[in-house]
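Residue numbers (the working numbering): 348 to 659. We put the beta carbon where it would ideally sit given N, CA and C, even for glycine. This one's a predicted model, so the numbers in the text were calculated from it and none came from an experiment.
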Amino acid sequence: MAQVETTAGPVDVDQLGLTLIHEHLRTRSESVVAQFPHVYDEDFEWSRATEWVSQAMERGVKTICDPTVMELGRDVRFMKRVADETGVQLVVATGIYTYHYLPPHFQNRELDYMVDLFVRDIEVGIQNTDVKAAFIKCCTDEQGVTPDVEKVLRGAAQTSKRTGRPIMTHSHPASGQGLRQMEIFEDEGVDPAKVLIGHTGDTDSIDYIEELLGHGPFIGMDRYGLDIILPTEQRNATVVELCKRGYADRMFLSQDACCTLDWYPEDLRAQMVPKWNMTYVLDEIVPALKEAGVTDEQVTQMMEENPRRWLG
Ligand SMILES: [Zn+2]
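1. Kindly indicate which three-state DSSP category PRO513 falls into: helix, strand or coil?
2. With a 10 Å radius around its C-beta and 16 neighbouring C-beta atoms as the bar for buried, classify GLU370 as buried or exposed.
3. Name the one or two DSSP bridge partners that MET598 has.
4. What's the call for THR550, buried or exposed, on a 16-neighbour Cβ count within 10 Å?
5. So for THR366, helix, strand or coil by DSSP?
6. Opposite ALA440 in the DSSP bridges: which residues?
7. When every heavy atom of ligand 1 is checked, does at least one fall within less than 7 angstroms of the C-beta of HIS519?
8. Does the distance between the C-beta of ASP359 and the nearest non-hydrogen atom of ligand 1 fall short of 7 angstroms?
9. I need the boundaries of the alpha helix (DSSP H) containing GLN618, first residue and last residue.
10. Which term fits TRP610, buried or exposed, when burial requires 16 or more other beta carbons within 10 angstroms of its beta carbon?
11. Cutting at 7 angstroms between CB atoms, please list the residues of its own chain near GLY472, excluding the five before and the five after it.
12. Could you say which of LEU464, PRO513, VAL587 lies nearest to ILE632 if we only look at CA atoms?
13. At which residue ranges does the segment 419-477 contain complete alpha helix (DSSP H) runs of 4 or more residues, listed in the order of the chain?
14. So, at 8 angstroms on beta carbons, what are the nonlocal neighbours of VAL689 in its own chain, with the 5 sequence-adjacent residues on each side left out?
15. Helix, strand or coil for MET529, going by three-state DSSP, please let me know.
16. Cα separation between ALA381 and THR410?
17. Using only alpha-carbon positions, find the residue among GLU580, GLY536, SER552, PRO520 that is nearest to ILE544.
18. Would the beta-carbon of GLY442 fall within 8 angstroms of that of VAL416?
19. Once the 5 residues before and after MET426 are set aside, which same chain residues still bring their CB inside 7 angstroms of it?
20. To the nearest angstrom, how far is the alpha carbon of ARG509 from that of VAL423?
21. Output the distance between the C-alpha atoms of MET568 and VAL537, rounded to the nearest integer angstrom.
22. Under the DSSP definition of a beta bridge, which residues are partnered with GLN350?
23. Ligand 1 heavy atoms versus the CB of PRO578: any closer than 7 angstroms?
24. ASP643 to LYS637, Cα distance in whole Å?
25. Can you tell me which of TYR446, LEU500, LEU458 puts its alpha carbon nearest to the alpha carbon of VAL490?
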């Protein structure tokens, strides 16, 4: 049976269980952390992360995929500590989170160099630990495929081809970025069944989503709670319609919730996105989707079977 790496070592894919495909235990601007560490409250970060993960587990969550990578403050020791404390199966990633530029370190080196580092995270371990990455993360946002972003996308693609590991993206559907990403992955010869185009649920354009699905990837309906980008009602209506059209085997439900996030002052975030947490999908979204006609089997597909297929 296929196995998936977690922070506690490999598990059989059939042990993944109920899975949140895209959540963050902690998101920090890593250059700020390095230079002004005093502005961070590590105790608060720790208690919030263990609290939110525990709340998700009380609702049956067994596995969380955390795509926190370079430029989001990835700290695999912190991730492993939270996973060990709570008992969640935590699946972590390699990759680079950038919307436009890379540091000169990568700009001035060949693509192979980046791929070698990603492969090392997968085969040897992350940040001098033996915790291995199980998937690869990359992004495009409204800035589009800049030269540096293209380098990361091609690096992710080549890493997937070398290791067989799946790719998760951050995309910006309003500017059609999922399709731009698929163009590059197709050009690199990546198996589309190994691709998850994240944040596709930020649009309710069924035309765009069906065109994207036509290229064969999974899609993330993975930002529940971020109503400032698209309100829950529209997110739900889109998922319901796609389930009706037979796409439950291609979707994931998640929140992209960051237990802590230094991009905004904490009080502002509570005001802007009050329901953005790790239990919103299970507490409110799944019941609402079922009310609207999504079946139990379809929910199981989106939250248990699809994670197995994508990761396995
Ligand atoms: Zn995210």
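In this structure, then:
1. Counting from 1 along the sequence shown, the entry for residue 513 is found at position 166. Looking at PRO513 - three-state DSSP - the assignment turns out to be coil, as it is neither helix nor strand.
2. Working through the sequence shown from its first residue, we reach residue 370 at position 23. Flag for GLU370 reads buried.
3. Translated into positions along the sequence shown, residue 598 becomes position 251. Its beta-bridge partners are ILE566.
4. Counting from 1 along the sequence shown, the entry for residue 550 is found at position 203. Counting Cβ neighbours within 10 Å, THR550 comes out buried, since at least 16 surround it.
5. As a working mapping, residue 366 is identified with position 19 in the sequence shown. In the structure shown, THR366 sits in a strand (DSSP, three-state: E or B).
6. The residue given as residue 440 occupies position 93 in the sequence shown. Answer by DSSP bridge pairing, in chain order: PHE482.
7. Counting from one through the sequence shown, the residue named residue 519 turns up at place 172. Checking every heavy atom of ligand 1 against the Cβ of HIS519, none is found closer than 7 angstroms.
8. Within the sequence shown, numbered from 1, the residue matching residue 359 stands at position 12. No, the beta carbon of ASP359 sits no closer than 7 angstroms to any heavy atom of ligand 1.
9. Position 271 of the sequence shown, counting from 1, holds the residue named residue 618. DSSP places GLN618 in the uninterrupted alpha helix (DSSP H) bounded by 613-619.
10. Position 263 of the sequence shown, counted from the start, is the residue given in the question as residue 610. A residue is called buried once 16 or more other Cβ atoms fall within 10 Å of its Cβ, and TRP610, having fewer, is exposed.
11. Reading the sequence shown from its first residue, position 125 is the one you call residue 472. Taken in chain order, the residues that qualify are VAL478, LYS479.
12. Your numbering for residue 632 matches position 285 in the sequence shown. Answer by Cα proximity: VAL587.
13. 423-433, 451-454, 458-470
14. Residue numbering for the chain in the displayed model covers 348 to 659; residue 689 lies beyond these limits and cannot be assessed.
15. One-based indexing of the sequence shown puts residue 529 at position 182. The answer is helix: DSSP assigns MET529 an H, G or I state.
16. As a working mapping, residue 381 is identified with position 34 in the sequence shown. As a working mapping, residue 410 is identified with position 63 in the sequence shown. Their Cα atoms are separated by approximately 30 angstroms.
17. One-based indexing of the sequence shown puts residue 544 at position 197. Residue PRO520 is the option with its Cα nearest to ILE544.
18. Within the sequence shown, the letter at position 95 stands for residue 442. Within the sequence shown, the letter at position 69 stands for residue 416. Cβ atoms of GLY442 and VAL416: closer than 8 angstroms.
19. Counting from one through the sequence shown, the residue named residue 426 turns up at place 79. Contacts found: THR354, LEU372, ASP413, LEU437, VAL439.
20. The sequence position of residue 509 within the sequence shown is 162, counting from 1. The sequence position of residue 423 within the sequence shown is 76, counting from 1. Taking the straight line from one Cα to the other gives about 23 angstroms.
21. Here residue 568 refers to the residue found at position 221 of the sequence shown. Here residue 537 refers to the residue found at position 190 of the sequence shown. Rounded to the nearest angstrom, the two C-alpha atoms are 22 angstroms apart.
22. Taking the sequence shown and counting its residues from 1, the one referred to as residue 350 is at position 3. DSSP lists ASP359 as partners of GLN350.
23. Working through the sequence shown from its first residue, we reach residue 578 at position 231. Result no, Cβ not under 7 angstroms from ligand 1.
24. On the sequence shown, position 296 is the one that residue 643 refers to. On the sequence shown, position 290 is the one that residue 637 refers to. The straight-line gap from Cα to Cα measures roughly 7 angstroms.
25. Numbered from 1 along the sequence shown, position 143 holds the residue referred to as residue 490. First, the amino acid is wrong: residue 490 is Gln here, not Val. Closest by alpha carbon: TYR446.
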